[in-house]
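Student: One line per chain: the protein sequences are R, U and G, in this order.
Each residue of the first sequence is one higher than the one before, starting from 0 at the first, in numbering that gives the first Met the number 0.
Each residue of the second sequence is one higher than the one before, starting from 0 at the first, in numbering that gives the first Met the number 0.
Each residue of the third sequence is one higher than the one before, starting from 0 at the first, in numbering that gives the first Met the number 0.
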Amino acid sequence: MPEVLVFATLNGLVTGLLLFMLASGLTVIFSMMGVLNFAHASFYMLGAYFAYSISLYFGYWTGLILAPLIVGVLGALVERYGLRRVHQHGHVAELVFTFGLAFLIEEAVQFFWGQDTKNYQTPDLLDFPLFTLFGQEFSAYRGFMLTISIGIFIGLYQVLTRSRVGLIIQAAISHPHMVANLGHNVPLIFTAVFGVGTALAGLAGVIAGPVLTTFPGMALVLGSIVFVIVVIGGLGSLPGALIASLLIGLLQSYAIAANVGMPELLELLGLEFPRSHPLDDLWTLNLAQIAPVLPFLLLVLVLIFRPTGLMGKREQ
Amino acid sequence: MVHLLSLARACSRFLSIFLIILAASFSAQARAQDSEPVRIGFMDPLSGPFASIGTSGLTVLQFAADYLFNSRGGILGGRMIEIVPLDNMQSPTETQIQFRRAVGEGLRIIFQGNSSAVANALNTAVTRHNRRNPGQEILQLNYSAVDPILTEENCSFWHFRFDAHAVMKLNVLTDFIARNEDIQRMYIIGQDYSFGHVVAETSERLLREKRPDIEIVGNEFHPIGQVKDFTPYVTKIVASNADAVITGNFGADMVSLARSIIDSGLDIPIYTFYAAYDGITATLGADGKNRIRLVHNDSANPIPTEKRKQFYRDFKAAHPGRDVTQPRLAMALSMLVQAMEETGGTDPYELALALEDMRFTTLSGEEVWMRGSDHQIFQDLHVSVMTDEGIEFDADNSGFGLYTEHFVPAEQTVMETSCEMRRPRR
Amino acid sequence: MKTLAAKWGLWGGYLAVLLLLPQVFDSILAISIFNQMAIAIVFALSYNMLLGQGGMLSFGHAVYFGLGGFLAVHVLRLMEFEAMYFSIALIPLIGGLTGLLAGIFVGSFSTRKAGTVFAMISLGIGELVAASSLIFTGFFGGEAGVSGDRTFGPPLFGMDFFSDTDVYYLAVFWVFVSTLFMYLFTRTPAGRMANAVRDNPERAEFIGYSARWVRFISFCAAGTFAGVAGGLFALNYEFVTDENLNLVTSGRVLLMAYIGGLGFFIGPIIGAIILTLMNFLLSNYTELFLLYLGILFVLTVLFLPRGFAGFIMMHQAAWLRGRLHGLALPYLLTGLPALLFILSAVCLLELSHASEPVLHFLGLSLARDSALSWAGLVLGAGLGAFLTARSTPGLRRAWEAANAPETRGGRERAS
Numbered sequence: 000m001p002e003v004l005v006f007a008t009l010n011g012l013v014t015g016l017l018l019f020m021l022a023s024g025l026t027v028i029f030s031m032m033g034v035l036n037f038a039h040a041s042f043y044m045l046g047a048y049f050a051y052s053i054s055l056y057f058g059y060w061t062g063l064i065l066a067p068l069i070v071g072v073l074g075a076l077v078e079r080y081g082l083r084r085v086h087q088h089g090h091v092a093e094l095v096f097t098f099g100l101a102f103l104i105e106e107a108v109q110f111f112w113g114q115d116t117k118n119y120q121t122p123d124l125l126d127f128p129l130f131t132l133f134g135q136e137f138s139a140y141r142g143f144m145l146t147i148s149i150g151i152f153i154g155l156y157q158v159l160t161r162s163r164v165g166l167i168i169q170a171a172i173s174h175p176h177m178v179a180n181l182g183h184n185v186p187l188i189f190t191a192v193f194g195v196g197t198a199l200a201g202l203a204g205v206i207a208g209p210v211l212t213t214f215p216g217m218a219l220v221l222g223s224i225v226f227v228i229v230v231i232g233g234l235g236s237l238p239g240a241l242i243a244s245l246l247i248g249l250l251q252s253y254a255i256a257a258n259v260g261m262p263e264l265l266e267l268l269g270l271e272f273p274r275s276h277p278l279d280d281l282w283t284l285n286l287a288q289i290a291p292v293l294p295f296l297l298l299v300l301v302l303i304f305r306p307t308g309l310m311g312k313r314e315q
Numbered sequence: 000m001v002h003l004l005s006l007a008r009a010c011s012r013f014l015s016i017f018l019i020i021l022a023a024s025f026s027a028q029a030r031a032q033d034s035e036p037v038r039i040g041f042m043d044p045l046s047g048p049f050a051s052i053g054t055s056g057l058t059v060l061q062f063a064a065d066y067l068f069n070s071r072g073g074i075l076g077g078r079m080i081e082i083v084p085l086d087n088m089q090s091p092t093e094t095q096i097q098f099r100r101a102v103g104e105g106l107r108i109i110f111q112g113n114s115s116a117v118a119n120a121l122n123t124a125v126t127r128h129n130r131r132n133p134g135q136e137i138l139q140l141n142y143s144a145v146d147p148i149l150t151e152e153n154c155s156f157w158h159f160r161f162d163a164h165a166v167m168k169l170n171v172l173t174d175f176i177a178r179n180e181d182i183q184r185m186y187i188i189g190q191d192y193s194f195g196h197v198v199a200e201t202s203e204r205l206l207r208e209k210r211p212d213i214e215i216v217g218n219e220f221h222p223i224g225q226v227k228d229f230t231p232y233v234t235k236i237v238a239s240n241a242d243a244v245i246t247g248n249f250g251a252d253m254v255s256l257a258r259s260i261i262d263s264g265l266d267i268p269i270y271t272f273y274a275a276y277d278g279i280t281a282t283l284g285a286d287g288k289n290r291i292r293l294v295h296n297d298s299a300n301p302i303p304t305e306k307r308k309q310f311y312r313d314f315k316a317a318h319p320g321r322d323v324t325q326p327r328l329a330m331a332l333s334m335l336v337q338a339m340e341e342t343g344g345t346d347p348y349e350l351a352l353a354l355e356d357m358r359f360t361t362l363s364g365e366e367v368w369m370r371g372s373d374h375q376i377f378q379d380l381h382v383s384v385m386t387d388e389g390i391e392f393d394a395d396n397s398g399f400g401l402y403t404e405h406f407v408p409a410e411q412t413v414m415e416t417s418c419e420m421r422r423p424r425r
Numbered sequence: 000m001k002t003l004a005a006k007w008g009l010w011g012g013y014l015a016v017l018l019l020l021p022q023v024f025d026s027i028l029a030i031s032i033f034n035q036m037a038i039a040i041v042f043a044l045s046y047n048m049l050l051g052q053g054g055m056l057s058f059g060h061a062v063y064f065g066l067g068g069f070l071a072v073h074v075l076r077l078m079e080f081e082a083m084y085f086s087i088a089l090i091p092l093i094g095g096l097t098g099l100l101a102g103i104f105v106g107s108f109s110t111r112k113a114g115t116v117f118a119m120i121s122l123g124i125g126e127l128v129a130a131s132s133l134i135f136t137g138f139f140g141g142e143a144g145v146s147g148d149r150t151f152g153p154p155l156f157g158m159d160f161f162s163d164t165d166v167y168y169l170a171v172f173w174v175f176v177s178t179l180f181m182y183l184f185t186r187t188p189a190g191r192m193a194n195a196v197r198d199n200p201e202r203a204e205f206i207g208y209s210a211r212w213v214r215f216i217s218f219c220a221a222g223t224f225a226g227v228a229g230g231l232f233a234l235n236y237e238f239v240t241d242e243n244l245n246l247v248t249s250g251r252v253l254l255m256a257y258i259g260g261l262g263f264f265i266g267p268i269i270g271a272i273i274l275t276l277m278n279f280l281l282s283n284y285t286e287l288f289l290l291y292l293g294i295l296f297v298l299t300v301l302f303l304p305r306g307f308a309g310f311i312m313m314h315q316a317a318w319l320r321g322r323l324h325g326l327a328l329p330y331l332l333t334g335l336p337a338l339l340f341i342l343s344a345v346c347l348l349e350l351s352h353a354s355e356p357v358l359h360f361l362g363l364s365l366a367r368d369s370a371l372s373w374a375g376l377v378l379g380a381g382l383g384a385f386l387t388a389r390s391t392p393g394l395r396r397a398w399e400a401a402n403a404p405e406t407r408g409g410r411e412r413a414s
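1) With a threshold of 8 Å between beta-carbons, can Val-102 of chain U be considered close to chain G, or not?
2) Since Asp-373 of chain U and Cys-418 of chain U should fall inside the 8 Å C-beta cutoff, what is the C-beta to C-beta distance between them, to a whole number of angstroms?
3) To the nearest angstrom, how far is the alpha carbon of Pro-268 of chain U from that of Val-300 of chain G?
4) According to DSSP, which residues form a beta bridge with Leu-365 of chain G?
5) Give the DSSP-derived three-state secondary structure of Trp-373 of chain G in the structure shown.
6) Taking C-beta pairs closer than 8 Å, name the residues in chain U that Asp-148 of chain G reaches, listed in chain order.
7) Chain R partners of Ser-224 of chain U, CB-CB under 8 Å?
8) Could you pull the start and end residues of the alpha helix (DSSP H) that Leu-89 of chain G belongs to?
9) Just how far apart, CA to CA, sit Leu-139 of chain U and Arg-358 of chain U?
10) Strictly below 7 Å CB to CB, what residues from chain U border Val-3 of chain R?
11) Looking at chain G, is there any beta carbon in it that lies within less than 8 Å of the beta carbon of Asn-119 of chain U?
12) In its own chain, which residues sit with a C-beta less than 6 Å from the C-beta of Thr-280 of chain U, not counting the 5 before and 5 after it?
13) Around the C-beta of Lys-227 of chain U, are 16 or more other C-beta atoms found within 10 angstroms, so that it is buried, or is it exposed?
14) Just grab the DSSP bridge partners of Ala-426 of chain U for me.
15) Give the interface partners of Ile-255 of chain R over in chain U, defined as CB-CB distance under 7 Å, in chain order.
16) What does Ala-219 of chain U reach in chain R if we use C-beta pairs closer than 8 Å?
17) Should Asp-181 of chain U go down as buried or exposed, given a rule of 16 or more other Cβ atoms within 10 Å for buried?
18) Please report how far the alpha carbon of Leu-14 of chain G lies from the alpha carbon of Val-176 of chain G, in whole angstroms.
19) 8 Å is my cut-off, CB to CB: does Leu-376 of chain G come that close to chain R?
20) Just checking Asn-170 of chain U against the ligand GTP - is the residue's beta carbon closer than 7 Å to any of the ligand's heavy atoms?
21) Please check if any C-beta of chain G sits within less than 8 Å of the C-beta of Ala-316 of chain U.
22) Quick check on His-359 of chain G: buried or exposed, where buried means 16 or more other Cβ atoms within 10 Å of its Cβ?
23) Where does Phe-180 of chain G sit, in a helix, a strand or coil, going by DSSP?
24) Mind pulling the chain R residues with CB within less than 9 Å of Asp-277 of chain U?
25) Going by alpha carbons, who is nearest to Ile-213 of chain U out of U:Gly-287, U:Tyr-276, U:Val-244 and U:Ile-109?
26) Under 7 Å Cβ-Cβ, which residues of chain G neighbour Asp-313 of chain U?
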């Protein structure tokens, strides 16, 4: 089993850090503007699709740089002309707006790119195994994904804690009115943060597209998991988002890798249940089957018992 | 008070508008006349996440109707075939809604193929409708849903299947696997739903029978359409030292799974049902060359007859971006038309009787047989490999396509059925 | 007295319209749409109890709808196998009870907070239940769902429920009763307090009400009526699947309530009717139906934050002042070019997506490959947009004039 454990950990890290790239933007947006952006994962999907189209003409690396920029600009436009308009009607209207936007983006993607799976491939430069362990290859591309995600975390953390802009943003997170009174242009900060946040989501899409398949449902698959991370991690806490992302990435990965479930548990307890029992489905449940549900279970539990999240300082 | 009154007025105004819209939409009721087209429903996902497979089927059926019949003067002495699309979004609920629409519009024949859950839902709805509305029966022509239950326990006089069911296909596939002495350890992985379970149970049973020496080293289900990354599953496959994989996955789950297996450097054959066309071949083609194999009923390469080649070429000329993904639609339509010509009308009961035990020669020159006792078709089955060698008709314009490696003639695919059909009396 | 008469008239009219509809439109298709509307109306109204009246944004309301449906369909099955004797007419009640029980359980921990916490818990519960519905196939029937036959119960007033029309009359009863009860709920202290808690929980607490308890009551009531709608669904389609309790259904009811108008009791009814009609009429003619729906939804949130009902009610002031007629011409002047723009834009979308070489749209035949049809459409869209933009200031002036308070120099009513 050691090889399974090692690879489950690696896989969990890759997924977790990818989730973090999405969650980092969302958590800053959420804590600053109070908006849980339902369309955040849709910007991730847009990133993948833009990068795919660009890569057809100019290659992968141009897409890597251009696509997040395009997505960021789109995000800023959405904030400026959509969210800000809806803002006056309250948080529910904002939430509902992003919900509608997510729906619209998914349909628009199908309109422009069609419903097929897109042939978006990893660049040739990274198309080799980085190392082989216990007979399984770990591709260089996955290594590249890890490096980028960690780089983003360090970069963001430095910007938020060390730079002047970061300090203003942090202040705007906790005391938006005070920051406005000090003469900072809070709406502009909002637009910029929203743009950068969606650009990060776009970047995540660009690097995830080739390995996780570029198709119209890719936003839906990640969609709600990202909120779960933001909520579990705690409002406005970047380290919290990182911990929650890794937690969920590893949790799902280990749950799949572990070949255990109710049958093993019952055996351990020395209990036996007849097959064809009405609750048969329950007794035969295994951990891998419920892996996708675990984050939501965690979400509900955290919200009930610790509404501030793991690292959050104030309630949502 | 005033508030309520104006509310009432607003209501009444709104209602009147609404009534006008309704009246306009229902005034055009279909009336069957001799010169009127024969209207046939096609119910499959045309929007939503599974739309690509439904729209490609619709294109093939519409093309077949025009190419084979309408352009040659129609059927039944000059009537045209009109295909009416019914978008069920591959959802059993939406299927119920669309079925009522079909009934309301006077459609009596419905083609449906994707998802066995939908086919089962439609089968139940059709059976109930036909029992409650004698004289207004509806015929269900299933061109692709392969759950055996449709021609076994739940078989119905009003349901015909024009595709081999999962157990027939697996029988052929496991025969093919059994010949390969290199395979010693098999891993089965599939989506956690009825078809995935049928594949898992049946392939395990058949492999035990045919090759007791093959060890089933894994039998895994994953949630359908929810897995972001298949690498954790592939890790388990690698750890099990499997030397082949069977999967019934379709759509994005198929692509992601194959991608992950290939990316992990695992060089083992993957035996599948739905790993071609609709973008899948384009995405997996190069990496999946000589590794991905598919069991299906239509040989895509080589094509035996000039007639069918011409059908393909003309289809490509009309729809350059698409492929003839399901040629059996053309076959099903032709058999239906033959039944219509034999009975001289479009009455579903008569058509069903005419279709029973029909023997029909397809465009590829092979003879198929629709068994009367359970309404299951029997035709040659093929195991093909994904490759770019010897491919005359590729998929997704990628240069890659399916090439037949193994073929089983129709008579060898016949299996017993447990169907006890309740036949309506006229 | 007048108020009471108007009230009775309104409800009587509502019932009369419900009862007369199948007499006017008796095609199978129409009945099927009416049934769908009836279910949607109850479901959307129940959602409005949460969001519109109680201020609780839920992303998992379908859970109660679906669970109600599943229990109802299981009772139908028991009746089919003669393991139970029950009246078909009371099946929606089974759904309602299920919704209530589920509401009591979930509400006991989720209504502590409103706002985002509540929204996220509802999302989590929604995902959990939807996922379990695929795991516990014994009860939920997996992706194929559970099917039951409605014709095995004792006949009711000569109705054997063979046809959808019978179901419609039963549905009318339940829709009417549910609407009435939900309306009466808004008049009870609990309903009034729900509004108070929505607007300002602190103040509500200060005058001695537990905000949590008030939310809990609204939540349970909403769950009950969602369950009733689920029971009606089970009766009408004789099929319930995991889709009936997943996020898509939850999203759809949010859409209905929001597009209709959250602040008004009648809003969700309008929303349910519009969306059902759109679903039925548009989805058959265009593959881009969901795209249009998305655009409509986003535009509604942006420009009609109080929904269609809010839009209608916006004219109340002008109506009361007798100035509504002054708006007719400006509306026409803006509306016609806007319509031209919308139709041209829709046509452009359809043409760019057409699989056939010639697109037939509104009596026009447009060739996909002809530059002329493209240019014409772009011109039409541009002209429509230009004229709309030009006429908007006029509309705004007319609007302001119609809504301006009475001036001393103008017509003055005796007050």
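Don't be surprised by glycine CBs; every beta carbon is placed ideally from N, CA and C.
Since this is a predicted model, take the numbers as computed values, not measurements.
Tutor: Straight from the coordinates:
1) Taking Cβ atoms only, chain G reaches closer than 8 Å to Val-102 of chain U, which makes this a yes.
2) 4 Å
3) 51 Å
4) G:Leu-358
5) helix
6) Those within 8 Å of Asp-148 of chain G in chain U are Arg-127.
7) A quick correction: the sequence has Gly, not Ser, at residue 224 of chain U. The answer, in chain order, is Gly-216 and Val-220.
8) No alpha helix (DSSP H) contains Leu-89 of chain G, which DSSP labels as neither H nor E.
9) What sits at residue 139 of chain U in the sequence shown is Gln, not Leu. Computed Cα separation, rounded: 19 Å.
10) Thr-234, Lys-235 and Ala-238
11) yes
12) Ala-394, Asp-395, Ser-397 and Phe-399
13) buried
14) One cannot answer for residue 426 of chain U here, as it falls past the ends of chain U, which runs 0 to 425.
15) Pro-231 and Tyr-232
16) Ala is not the amino acid found at residue 219 of chain U; the sequence shown has Glu there. Going along chain R in sequence order, the residues near Glu-219 of chain U (Cβ under 8 Å) are Ala-287.
17) exposed
18) So the alpha carbons of these two residues sit roughly 10 Å apart.
19) Residue-level contact by beta carbon fails for Leu-376 of chain G and chain R, as no gap is shorter than 8 Å.
20) This structure lacks the ligand GTP, and indeed carries no ligand of any kind.
21) Interface criterion not met: the Cβ of Ala-316 of chain U is under 8 Å from no Cβ in chain G.
22) exposed
23) helix
24) Within chain R, the residues near Asp-277 of chain U are Gln-114, Asp-115 and Thr-116.
25) U:Val-244
26) Residues of chain G passing the Cβ test: none, with the nearest at roughly 15 Å.
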